[in-house]
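Read through the structure below, which is laid out as structure tokens, and then see the notes.
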Ligand code: HEC
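Residue numbers (my numbering): 14 to 370.
This is how it looks when you write it as structure tokens:
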């Protein structure tokens, strides 16, 4: 038997020897197909086709299950998955052309213009949970709802133990049979990776390479801010009876300051700046320019000096050795000005929202 949970929202059971389809059932909100038929073909809904206009489709391109690993507990016979239950407005960009070195999705990135603003059918409407799934009966056994999206991979061990890191900076042990939380420790950053366990001199350890990453990008973005953790990468290990205290992570960034400079741009240029930002920058700096400020800077916090070097940073690779690519093969000076104007607009919005609270 082969158990597989790809991004498309279904959990598959497949014959591992012949590759034959056995069954598929949804583990998250799915509206692109009603089910898989007995031949292993999805039965699509009209909503799956966005060639003639945008459609709100579940799951999102980030996947109902993506990089953080699921695990099978040999004792309970259940599979434990970090699920992202999120939709996305899919639409084709009529002006899209393949660009070498760019993020070539062909999707219309203008959907991010309203990122973080409206409720309901919006790129931001997500839920996330740790799901215990019975692969034989193809049904849910329990779930533990998470506060934010994009949580960590799972590790199933021992008689009845399950470990999972969380997007909001915790490392948690659950009872695998019923999901009861047994223990938790702060991590001081997002904890996306799959934990590992190992033995040294007869003592058992559990460890995690903590930090942001995965399909939502390096930043942690909104989830990091919501959770009040900033992070960066760190490796942490625990053992029974251990006495070390987890060193605190970097403190959260604090309120978004008022924009440090002004860059003139029309409404149309701001919209274009948003599209360019979400095509070239958001995978690292976060959707909506909300970065969280862990592995990569949150661009809403740039000061006057940093803004003065913005074009040089982006086009000439001023910070290339530290992982900030150069974009002179993809963007013009004018493109960069529009992106910068968009970033400043997001800074002004973030500042206003926090001042209003
Ligand atoms: C592959 C990931 C990645 C992408 C894509 C990316 N950046 Fe960065 N960016 C980084 C990292 C990492 C840093 C921090 C470099 C450092 O610490 O010096 C950074 C730093 C910056 C800085 C400098 C901040 C400062 O300290 O002065 C600016 C400005 C910036 N990025 C803008 C952009 C823009 C605009 C885009 C899109 C055109 C973009 N970045 C795309 C990873 C990325």
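Backbone N, C-alpha and C define an ideal beta-carbon position, used for all residues, glycine too.
Since the model is a prediction, treat every value here as computed from it, not as a measurement.
- Burial state of residue 15 is exposed, judged by a 10 Å Cβ sphere holding fewer than 16 other Cβ atoms.
- In this structure, residue 190 has its beta carbon at no less than 6 angstroms from each heavy atom of the ligand HEC.
- The closest heavy atom of the ligand HEC lies 6 angstroms or more from the beta carbon of residue 291.
- If you look at residue 282, you'll find it in the alpha helix (DSSP H) that goes 280-293.
- Membership of residue 368 in any beta strand (DSSP E) is not indicated; the residue belongs instead to the alpha helix (DSSP H) covering 346-369.
- No Cβ-Cβ contact shorter than 7 angstroms links residue 160 with residue 144.
- Boundaries for residue 38: no alpha helix (DSSP H) harbours it, while the beta strand (DSSP E) harbouring it runs 34-39, taken from the DSSP string.
- A Cβ-Cβ contact shorter than 7 angstroms links residue 265 with residue 241.
- According to the DSSP assignment, residue 167 belongs to the beta strand (DSSP E) that extends over 167-170.
- Secondary structure at residue 312: helix, using DSSP grouped into helix, strand and coil.
- Separation of residue 324 and residue 304 (C-alpha to C-alpha, rounded to the nearest whole angstrom) is 19 angstroms.
- Per DSSP, the beta bridge partners of residue 198 are 184.
- Taking C-beta atoms as the reference points, residue 94 and residue 18 count as a pair closer than 7 angstroms.
- In terms of side-chain proximity, the C-beta atom of residue 23 is found no nearer than 6 angstroms to any non-hydrogen atom of the ligand HEC.
- Under the 8 angstroms Cβ criterion, the segment 272-286 does not count as touching the segment 245-252, having fewer than three qualifying pairs.
- Here the distance from the Cβ of residue 332 to the nearest heavy atom of the ligand HEC is below 6 angstroms.
- Here the segment 104-124 does not lie against the segment 27-44, with fewer than 3 beta-carbon pairs under 8 angstroms apart.
- Annotation for residue 336 indicates a beta carbon within 6 angstroms of some heavy atom of the ligand HEC.
- For the pair residue 200 and residue 184, the CB atoms are nearer than the 7 angstroms cut-off.
- Taking a contact as a CB-CB distance under 8 angstroms, the pair residue 314 and residue 272 does not count as one, their CB atoms being some 10 angstroms apart.
- Distance from the CA atom of residue 105 to the CA atom of residue 204, rounded to whole angstroms, is 33 angstroms.
- Residue environment for residue 64: exposed (fewer than 16 other C-beta atoms within 10 angstroms of its C-beta).
- Taking a 10 Å sphere around the C-beta of residue 87, we find fewer than 16 other C-beta atoms and assign the residue as exposed.
- The three-state secondary structure of residue 17, taken from DSSP, is strand.
- When C-alpha distances from residue 117 are compared across 96, 85, 288, the shortest belongs to 288.
- 293 is the residue among 197, 121, 293 whose C-alpha sits nearest the C-alpha of residue 341.
- Taking 6 angstroms as the cut-off, one finds no heavy atom of the ligand HEC near enough to the beta carbon of residue 118.
- Pairwise C-beta distances place the segment 164-178 in contact with the segment 214-229, as three or more of them are shorter than 8 angstroms.
- Taking all protein chains shown into account, residue 48 has fewer than 16 neighbouring C-beta atoms within 10 Å of its C-beta and is therefore exposed.
- Taking a contact as a CB-CB distance under 8 angstroms, the pair residue 179 and residue 166 does not count as one, their CB atoms being some 11 angstroms apart.
- A straight line joining the alpha-carbon of residue 73 with that of residue 154 spans about 24 angstroms.
- One alpha carbon belongs to residue 56, the other to residue 366, and they sit about 44 angstroms apart.
- Taken atom to atom, the span from the alpha-carbon of residue 307 to that of residue 51 is near 46 angstroms.
- Judged by beta-carbon spacing, residue 317 lies beyond the 7 angstroms limit of residue 259, meaning their Cβ atoms are not closer than that value.
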